[in-house]
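Okay, so here's the structure we're looking at.
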Amino acid sequence: AMGSSPREASILGASEVGLAITMATLTTVVVFLPLMVMSGGTATFFMTRIGLPVVVALLGSLFVALIFIPLAAERFGGSKLKTDPKSIQWTREVYSRMLRWVLAHRRDAVLIILAVLMTISYPMGKTKRSGGGGDRDLDIWMAMPKDFLLEDTMEIVKEVEAFMETRREQYGIRILRSRVYKDEGRVELYLNEDPNMAWWYFAYQNIAAAFGHKVSGRMTMDEVAKDLDKNIPRFVGIRTRIQGIRNSDGGESNPRVSVRLKGDDIEVLAKLSVEVERRVRSLPSVVSVDTDLERGEDEVRVRVDRELAQRYGVSPRVVGRTISFALQGVSLPRYQTEEREVQTRLFLQESDRQTLQQLQNFSLTSVGGESVPVAELATVEYAQGSGTIRREDGVTSLTVTAFTTKQDRKGIFAEIDRVMDGLELPRGYTWDKGESYGDLEEEDNTMFFAGLMAITCVFLLMGVLFESFILPFSVLLSIPFALWGVYWTMYLTSTPMNIMAMIGIIVLIGVVVNNAIVLVDMVNRLRKEGMTREQAILEAGVNRFRPIMMTTFTTVFGLLPMALGNSNMFGMPYYPMGRAMMGGLVSSTLLTLLVVPLFYTFFDDLSMALTRVTRGAFTPRKSTDSTHEVMADD
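Under the numbering used here, the sequence shown has 861 at position 592, and the numbering climbs by one with no breaks.
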C-alpha cells in the first residue's frame, strides 16, 4: 500500500500475488506431465529430458519468489518511491485508452480480433513440417558388379572424389570421406552450415520474395543433391544413388519417404513397383529412388508347368532339386583322413553349367523311366530377386523408397498422394505411405493429445484459483493468440515445425496463461473490495501492465540464444523451439492485454446469467394469494 514501510509493503505484496504466482507456476509445471508420463515415442524422450530440469527449476524459483524476494525487497528496495520513466507512463496511457475503447465497443473489438486470428490460416499452410534435424550431409552410394575386386572399387571411388574436389567451393564441402568395399563404394559429403541461418535473413528473404525479388545465397541441400544427380560421373554396370548418411542409431541425416505396396504375389508387387517408381521419380523434390528389388541378387527363376509335369510323372520338387544340383552341386559324405574329416561336394563341370540353354537341356527322369529335358516341363530365365521380402499380418509387402532433401515432410506426402492418384491395383492389393508417414502421424497425434491434456490441467487449476469454471475460459483464449504468433514467426523466419517446436507450443500453453492469471486475479480482488467491473478491469490492466511486459520480455530475451544458436540434442536443433516460444509469448502478451479483459466481461455476464437461472430454479416461489379467515358469528 502507498505510504507503507518496506517491511509492510513486502508482506502485503507477497500476500496479494502469492496465490496468483503459485497457480501461474503450477500451470507451467503441469503441461510437462502428459508427455512425461506417456509411454515411448520421440516426444516423450525429449519432453522428459527437457521437462524434469525445468520443473525442478520452476518449483525452486517459486520458493525463492515467495520467501527470499520479499526479504530482499525489504532490505535493498529503498524507502523512497520512484516515479516511472516518461516512456513507461506514455505506453501505459496508450494502453489505458485502447482498453477503454475495447470495453466500450465490445462487438467491434470482437470482429477485429476474429479478423486478426483468421490470418493464421496463411502461415499454417506455408509452414514446413519437418521430421528430423535436416543435417547438410549426403552419401553417394555405388553398387559394384560381382566380379569387381577391391582395387577396381577404389579406382571408381577415386574418380568420384576427383569430381567432388572440383566442386568443393561451390557445394561448400567441409569434409569428404570415402568407404571402399569389394561390392560397394561410398563417398560421404559433410557440407558447411548455411551461413544465412539467422532469423533476420529468412525474414528479409520472405519479405523480398513477396515483392518479387529473389535473394540468392549458398546452394541449398536440394540444389547440391540435384546437381550431383545430374553431373556426377556414371559408370557402366554400376548403380549410383544419392541418399542421406546413416547415423550410428540407424537413422539418416535426411530421412526418406516411401510407398509400400501390399498383396499376396511378390511378382505382381514387383511389376506394380516399376510404375510406382516411375511416378515417385517424377516428383521435383525427389533425388533418387530405390526398391526392395534393387537390393536383391541376380537369380535363375524356374516356372514349372504343373499339368505337363503331372502328365510325365515328374514332381515340381524334382525339377527344383535338379536345377539346384546343376548350379550348386550336392553334398557327399565326409571323407575321413588320419588327421581330420574333409567335407566333399559333387559339382558338374563348369563348362556344362555356363548358360541357360545348358540348364534347359538338362535331363529329368519320369516315372516311366523316360528322359525328359527341363525345357519340356519348365521355363528357365534370369531375373533379379527381391533383396527383402517383408510380411506383416500375413501379407507380403514391397517398398519403394525415395530420398529427398526437402524438409517439408507433410508437403512431400501430399505430393505422393497426388502422383499415386489413379493407380490401378488388382483386387486384394493396396498401397500406403510406409512407416515414416505412420511415425509422423503418430507423432502429431501424440502432441495433439498432450496439448489437450495440458489445456485440461491448466483449466482445472484456474477453476480452483478463480472459484469458477466459466471465467477460466477468458484466460484460455490467450492460447489461440500464442499459436497465431508461433505460426507467423515460423513462416517469416522459414523455420520448420519439428518435434522441438511442438514441444515449445506445449510449454507455451502453461506459460502464456500466466499473465492472464495475474491480471484476472487482480480484477477479482478489486471487485471484492467494492469496485465496479469496468473500474476493476481498467485499474488491474494499468497496474499490471508493466510487470506483465517485464516478465514477457525478460523471458523473450532469455530465449534469444536458443532461437539464434545452432545447438542441438541428438541431431535435433533447438532453434525451432526458441523461435516458436518467442513468437507465441510476444503475440499472446500484446493481444492478451486487450483480449482477456474483453472476454472476461462476456464470461462474467454468462456466469451471472447462469447464477440467476440456477437460483430461480432452486428457490421456491412465494405465494401471492392471501389467506383470509372467515369469522362466523356464533
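Yeah, the Cβ is synthetic: ideal placement off N, Cα and C, and Gly gets one too.
Open item on the list: Within a Cβ cutoff of 6 Å, which residues of the same chain sit near Gly773, ignoring the five residues on either side of it in sequence?
Closed with: Contacts found: Met846, Ala849 and Met850.
TODO: Determine the DSSP secondary structure at Arg622, reduced to helix, strand or coil.
DONE: Of the three classes helix, strand and coil, the one that applies to Arg622 here is coil, per DSSP.
Open item on the list: Let me confirm a value: Gly663 is counted as buried when at least 16 other C-beta atoms fall within 10 Å, else exposed. Which label applies?
Closed with: Exposed, by the Cβ-count rule.
Open item on the list: Which residue marks the beginning of the alpha helix (DSSP H) containing Ile409, and which one marks its end?
Closed with: From DSSP, Ile409 is part of no alpha helix (DSSP H) but of the beta strand (DSSP E) over Asp406 to Ala412.
Task: Exposed unless 16 or more other CB atoms sit within 10 angstroms - verdict on Gln512 - done: When all chains shown are included, Gln512 counts as buried.
Task: Limits of the alpha helix (DSSP H) - the one that Tyr760 falls within - done: In this chain, the alpha helix (DSSP H) harbouring Tyr760 covers Ser747 to Leu761.
Task: Candidates Thr313, Glu362, Thr613 and Glu492: closest to Arg815 by CA position - done: Checking every option, the nearest Cα to that of Arg815 belongs to Glu362.
- [ ] Output the distance between the C-alpha atoms of Lys935 and Ser856, rounded to the nearest integer angstrom.
- [x] Any answer about residue 935 is impossible in this case: the structure gives the chain only from 270 up to 903.
Open item on the list: Whole angstroms are fine: how far does the CA of Trp700 sit from the CA of Val727?
Closed with: Straight-line Cα distance between these residues: approximately 42 Å.
Open item on the list: Which of the three DSSP states is assigned to Asp518 in this structure?
Closed with: The pLDDT assigned to Asp518 is 42, lower than 50, so where the model puts this residue is not dependable, and the model offers no usable value.
Task: Proximity to Thr489 [Cα-Cα], best of Lys499, Ile501 and Asn461 - done: Of the candidates Lys499, Ile501 and Asn461, the one whose C-alpha sits nearest the C-alpha of Thr489 is Asn461.
- [ ] Rank Gly853, Gly852, Leu854 and Leu828 by C-alpha distance to the C-alpha of Tyr843 and give the top, closest one.
- [x] It is Leu828 whose Cα lies nearest to the Cα of Tyr843.
Open item on the list: Less than 8 Å between C-beta atoms, sequence neighbours within five positions excluded: which residues of the same chain meet that for Ala289?
Closed with: Cβ within range, chain order: Leu734, Ile786, Val787, Asp790 and Met791.
- [ ] Would you please state the rounded distance, in angstroms, between the beta carbons of Leu740 and Asp873? I believe it to be under 8 Å.
- [x] Under the criterion of beta carbons closer than 8 Å, Leu740 and Asp873 qualify as touching, at roughly 7 Å.
Open item on the list: Using only the alpha-carbon positions, how far apart do Arg687 and Trp757 sit?
Closed with: Those two C-alpha atoms are separated by around 27 Å.
- [ ] Check the C-beta distance from Lys451 over to Leu419 and give it rounded, since I have them as a contact under 8 Å.
- [x] Indeed they touch by this definition, with Cβ atoms about 5 Å apart.
Open item on the list: The alpha helix (DSSP H) that contains Ile357, what's its start and end?
Closed with: Per DSSP, Ile357 is one residue of the alpha helix (DSSP H) stretching across Lys355 to Ala373.
TODO: Sort out for me which residues DSSP pairs Ser640 with in a bridge.
DONE: Its beta-bridge partners are Thr634.
- [ ] Decide if the region 661 to 679 is in contact with the region 528 to 535; the criterion is three or more beta carbon pairs, one per stretch, under 8 Å apart.
- [x] The region 661 to 679 vs the region 528 to 535: in contact.
Task: Continuous alpha helix (DSSP H) stretch holding Ala672: start and end - done: For clarity, residue 672 is Phe in the given sequence; the question names Ala instead. That residue, Phe672, is in no alpha helix (DSSP H); its beta strand (DSSP E) goes Val664 to Thr673.
Open item on the list: Do Ala723 and Ile775 have their beta-carbon atoms positioned less than 9 Å apart in this structure?
Closed with: Going by C-beta atoms, Ile775 is nearer than 9 Å to Ala723.
Task: Residue range of the alpha helix (DSSP H) that includes Val780 - done: Ile768 to Val780 is the extent of the alpha helix (DSSP H) around Val780.
Open item on the list: Rounding to the nearest angstrom, what Cα-Cα distance links Lys415 and Gln626 in this structure?
Closed with: Those two C-alpha atoms are separated by around 22 Å.
Task: Residue of Val641, Val811, Ser593 and Phe826 minimising C-alpha distance to Trp359 - done: Relative to Trp359, the option among Val641, Val811, Ser593 and Phe826 whose CA is nearest is Val811.
Task: Cβ-Cβ distance between Ser954 and Met766 below 9 Å - done: In the structure displayed, the chain extends from 270 to 903; residue 954 sits before or after that span and is not available.
Open item on the list: If you measure between the beta carbons of Ile778 and Ile748, is that distance less than 9 Å?
Closed with: Judged by their CB atoms, Ile778 and Ile748 are nearer to each other than the 9 Å cut-off.
Task: C-alpha distance - Glu661 paired with Val537, whole-angstrom precision - done: Put simply, the backbone Cα of Glu661 is about 17 Å away from that of Val537.
Task: Straight-line Cα distance separating Thr297 from Thr883 - done: Here the alpha carbon of Thr883 sits roughly 34 Å from the alpha carbon of Thr297.
Task: Ala805 versus Asp377 - alpha carbon distance - done: Using only the alpha carbons, I get a separation of about 22 Å.
Task: Alpha-carbon to alpha-carbon, Ile336 and Thr824 - done: So the alpha carbons of these two residues sit roughly 22 Å apart.
Open item on the list: I'd like to know if the region 536 to 550 and the region 710 to 719 are in contact, where contact means that at least 3 CB-CB pairs between them fall below 8 Å.
Closed with: Taking 8 Å as the limit for Cβ pairs, the verdict is that the region 710 to 719 does not touch the region 536 to 550.
Task: Boundaries of the alpha helix (DSSP H) in which Arg575 is found, first to last residue - done: Unbroken alpha helix (DSSP H) run through Arg575: Arg575 to Tyr581.
Task: Closest by C-alpha distance to Ser620, when choosing among Gly637, Thr291, Leu596 and Arg609 - done: With distances taken between Cα atoms, Ser620 lies closest to Leu596.
- [ ] Going by CA-CA distance only, name the one from Arg548, Pro553, Pro502 and Thr801 that's closest to Gly691.
- [x] Considering only alpha carbons, the answer is Arg548.
Open item on the list: Let's test the definition: count the other Cβ atoms within 10 Å of the Cβ of Asp406 and tell me whether it reaches 16, buried, or not, exposed.
Closed with: By the neighbour-count rule (16 or more Cβ atoms within 10 Å), Asp406 is buried.
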